[in-house]
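Reviewing the structure listed below.
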Amino acid sequence: MTSISQRSSGGRTVRLVALVAVALLMSYPLLWLVASSFKPEQLIFSEPGLIPSSFTWANYADGWTRVGIPFGAFMLNSAVICILSIVGNLFSCSLAAYAFARLQFPFSKIAFGLMLVTLMLPFHVTVLPQYIVFQNLGMVNTILPLVLPKFFAVDAFFIFLLVQFIRGVPRDLDQAAEMDGCNKYQIFFYIIFPICRPALVLVAIFTFLWTWNDFFSQLIYLSQVERYTAPLALNLFIDATSGESAWGMLFAMSVVTLLPLFILFVIFQKQIAEGIATTGLKG
Amino acid sequence: MSAIGLKDVRKSYGSVEVISSIDLDIEQGEFVVFVGPSGCGKSTLLRMIAGLEGIDGGTLSIDGVVANDIAPARRGIAMVFQSYALYPHMSVYENLAFSLRIAHVDKAEIDRRVRNAAAMLQLEPYLSRRPRALSGGQRQRVAIGRAIVREAKVFLFDEPLSNLDAALRVATRIEIAKLKERLPDTTMIYVTHDQVEAMTLADRIVVLNGGNVEQVGRPVELYESPANLFVAGFIGSPAMNFLPCRLEHQGERTLVQIDGAEQTAIAFGSGGRSGAEAGTLGVRPESLHIAEAGAALITGMVELVEHLGEVTILYVAAGLGQPVLAKLSKTQDFAKGDRVSLSAASTDLYAFDASGDALPRLG
Ligand SMILES: Nc1ncnc2c1ncn2[C@@H]1O[C@H](COP(=O)(O)OP(=O)(O)O)[C@@H](O)[C@H]1O
Ligand SMILES: [Mg+2]
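Protein sequences appear in the order of chains D and B. By the numbering used here, the letter at position 55 of the first sequence is numbered 55, and the numbering carries on one by one without gaps. One rule links them: number in the numbering used here = place in the second sequence (from 1) + 283.
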């Protein structure tokens, strides 16, 4: 009895040490980024350790205003795009998923297959035609190209995720709602949509993550500095031509940009794990 | 004018006919039970009445109006699902109120009806709970409550007790019987594969088999005069014993002969049949008793004895493949291996022709 529990607690320690070691290894670049943001510029590349020998807030204070516009404005731009993308994805993807999972319509199987194929289509294939379309629509240099598509269920991955989730919801619920007088839209809004909450939390979080961290499409479509998002603004700190990049401030503002993601994960840790665990399983 | 009328109603899934030409009239306020083995189409028929399944042929009328194409919610019908189908994200109160909210009933009226139903079903302490936090029996009551709140003219129940344990099943069965008494004008259609539920609840039983109606009648009628072998075997527990026999039709009368039986020349009405054919003699386990000398219907060896207290059930091997069951009220001492002779009053015997239809009794 004791020997078993001792052995298992010994095993537990070994596992714990291994996990912590791997976690440290994986997060080292991140820790280095955070540490460097508190170092004076000249120490960043000369002093290798994580613990700064002299500590300064200057990178944060200077970095915030360096571009001429407070860095908060870029964060706000990012946030607006994120929120609109999340709202768009939540409604459009869940509606599309409901249609695929529950409604019978001509060519629904083929449409579902086509949608899955778009999962495999590389982003780079569509970016040019898309750009031309938005240019013809006069939407370039606005946030519309980044946000508008989200309202038309373009994220096939989320649709697939939600289809799997809805398929796990017993059909009796739809039929009970039908007996209770709901039409298809009411069944969706009153029954299916709220029941999908764990999957929707996942959709919202990943939409936020991918939109917040997006650089390429924001770079293509936004050209006015006032409309820049946080990642685009960070790019301004690297001056490729003069070679005089403000690394300290770049790191400081990078940390600021990462903060919302960090807070999000801390708050929603449980829901994220739950969402991943229940998605696709029987509801 | 009947509350629910089915005329030549049919349903197929692809090429498989699940419901084949059903005719049935259900009166207002009646408690009708559809009973039959699993897969016989009970749920399908119920769901066709509810409007959740389309009707491929024939007409369904509700209060005399053809209802084939009326939307489920407009039929004045409420349904209690086998799985209860409670909305998991809503409280009990919201579950009960949902249909009324959709119908834009005003708040005070919703509240009155919900509280009324909750009182009727002793659900008041649980109104703010989610279904997840309820026991099986409580969920069941919420499911019934949803039907009550709608004040529907017709309640449909699809095997409502099948997810409950044995003790709760009996209690809930009694609750449903009481509910019917409190709502005398509400028509109820109840689906079950359990003939005990059917016998105890029904005003009228509809025995279904393979998408056909085998017989419709009051519980006692089905028990006392089953129309055919299927109904005879389905109603009653333990099931009726069947013995192969020869039928000799002689004018108005038919004589039944059983190989090796001393009790001979049992007569039934021929019902216009003629000639001779192989048939089946049926006798219920509870009708059998120990035979007097020279009058045995069945003789055989006791295979198994079940003492149930007030009754003893004998399994008698009589060379028929299947043992013959006898339910004896006297707790006489029997042991495995005993030879017993059994007989029954001729009024307790049933005869079925080669196609399985019951022969009429004489007199
Ligand atoms: N959606 C469906 N598609 C094909 N066959 C079905 C469908 N629903 C039911 N069936 C078949 O119809 C028959 C009757 O089913 P059901 O009415 O559920 O039986 P019961 O409720 O009497 O057990 C069964 O054989 C079943 O396999
Ligand atoms: Mg069924």
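Beta carbons are placed, not taken as given, at the ideal position from N, Cα and C, and that holds for glycine.
Check, Outcome
"Residue from VAL489(B), VAL566(B), GLY554(B) and ALA609(B) whose Cα sits closest to the Cα of ASP640(B)", "GLY554(B)"
"Terminal residues of the alpha helix (DSSP H) in which ASP394(B) lies", "390-403"
"Cβ-based neighbour list, LEU281(D), same chain, cut-off 8 Å, excluding 5 preceding and 5 following", "Residue confidence for LEU281(D) is low, a pLDDT of 40 falling below 50, so the modelled location carries little weight and cannot support an answer."
"Assigned exposure category for ARG465(B) - 16 Cβ within 10 Å defines buried", "exposed"
"Those residues which DSSP pairs with SER626(B) across a bridge", "HIS572(B)"
"Given ILE427(B) as reference, the closest of ALA416(B), ALA460(B) and GLY319(B) once Cα atoms are compared", "ALA460(B)"
"Complete beta strand (DSSP E) runs within the stretch 582-616 of chain B (minimum length 3 residues, chain order)", "595-600 and 607-611"
"Nearest to VAL147(D) (by Cα), restricted to the options ILE263(D), PHE71(D), PHE208(D) and LEU232(D)", "PHE208(D)"
"Pair within 8 Å by beta-carbon distance, SER254(D) and LEU33(D)", "yes"
"Members of the stretch 163-180 of chain D near chain B, C-beta cut-off 7 Å", "PRO170, ASP172, LEU173, GLN175, ALA176, GLU178, MET179 and ASP180"
"For VAL474(B), the nearest candidate out of PRO443(B), VAL514(B), ALA450(B) and GLY519(B) (CA to CA)", "PRO443(B)"
"Beta-carbon proximity list for PRO320(B), same chain, < 8 Å, skipping 5 on both sides", "HIS476, ASN492 and PHE517"
"Proximity winner among ALA481(B), GLN498(B) and ALA628(B), relative to ILE573(B) (alpha-carbon distances)", "ALA628(B)"
"Residue span of the alpha helix (DSSP H) that contains HIS532(B), given as start and end", "It is not in any alpha helix (DSSP H) - HIS532(B) instead sits in the beta strand (DSSP E) that spans 524-533."
"Distance between beta carbons of PHE71(D) and VAL256(D), contact taken as under 8 Å", "6 Å"
"Rounded distance between the beta-carbons of ALA559(B) and LEU645(B), thought under 8 Å", "So it is not a contact: roughly 18 Å between Cβ atoms."
"Local conformation of PHE206(D) per DSSP, three classes", "helix"
"Check whether GLY334(B) and ARG358(B) have beta carbons under 8 Å apart", "yes"
"Residue from VAL133(D), ALA96(D), TYR228(D) and GLN218(D) whose Cα sits closest to the Cα of PHE158(D)", "ALA96(D)"
"For LYS436(B), the three-state DSSP class (helix, strand or coil)", "coil"
"C-alpha distance - GLU535(B) paired with ILE345(B), whole-angstrom precision", "43 Å"
"Cutoff 7 Å; reference ALA435(B); Cβ partners in own chain excluding five residues on either side", "GLY359, ILE360 and ALA361"
"Exposure of TYR409(B), with buried meaning 16 or more beta-carbon neighbours within 10 Å", "buried"
"LYS294(B) CB to nearest heavy atom of ligand 2 below 7 Å", "no"
"Three-state secondary structure assigned by DSSP to GLU338(B)", "The sequence shown places Ile at residue 338(B), not Glu. In the structure shown, ILE338(B) sits in coil (DSSP, three-state: anything other than H, G, I, E or B)."
"DSSP state of PHE381(B) mapped onto helix, strand, coil", "helix"
"LYS325(B) beta carbon near ligand 1 (any heavy atom closer than 7 Å)", "yes"
"Proximity test, Cβ basis, 8 Å: GLN186(D) and chain B", "yes"
"For GLN365(B) and THR470(B), believed in contact at Cβ under 8 Å, the rounded distance", "That pair is no contact at about 20 Å."
"Contact set between ILE191(D) and chain B, taken where Cβ atoms lie within less than 7 Å", "TYR370"
"Chain B within 8 Å of GLY280(D), Cβ atoms only", "Model confidence at GLY280(D) stands at a pLDDT of 43, short of 50, so the residue's coordinates are unreliable and nothing is read from them."
"Three-state secondary structure assigned by DSSP to SER54(D)", "coil"
"DSSP-derived helix/strand/coil call for SER245(D)", "coil"
"The beta strand (DSSP E) enclosing ILE132(D), as first and last residue numbers", "Run containing ILE132(D): none in the beta strand (DSSP E); it sits in the alpha helix (DSSP H), 123-136."
"Cα-Cα separation between LEU236(D) and GLN269(D), rounded to whole angstroms", "33 Å"
"Three CB pairs or more closer than 8 Å across the stretch 300-319 of chain B and the stretch 327-343 of chain B", "yes"
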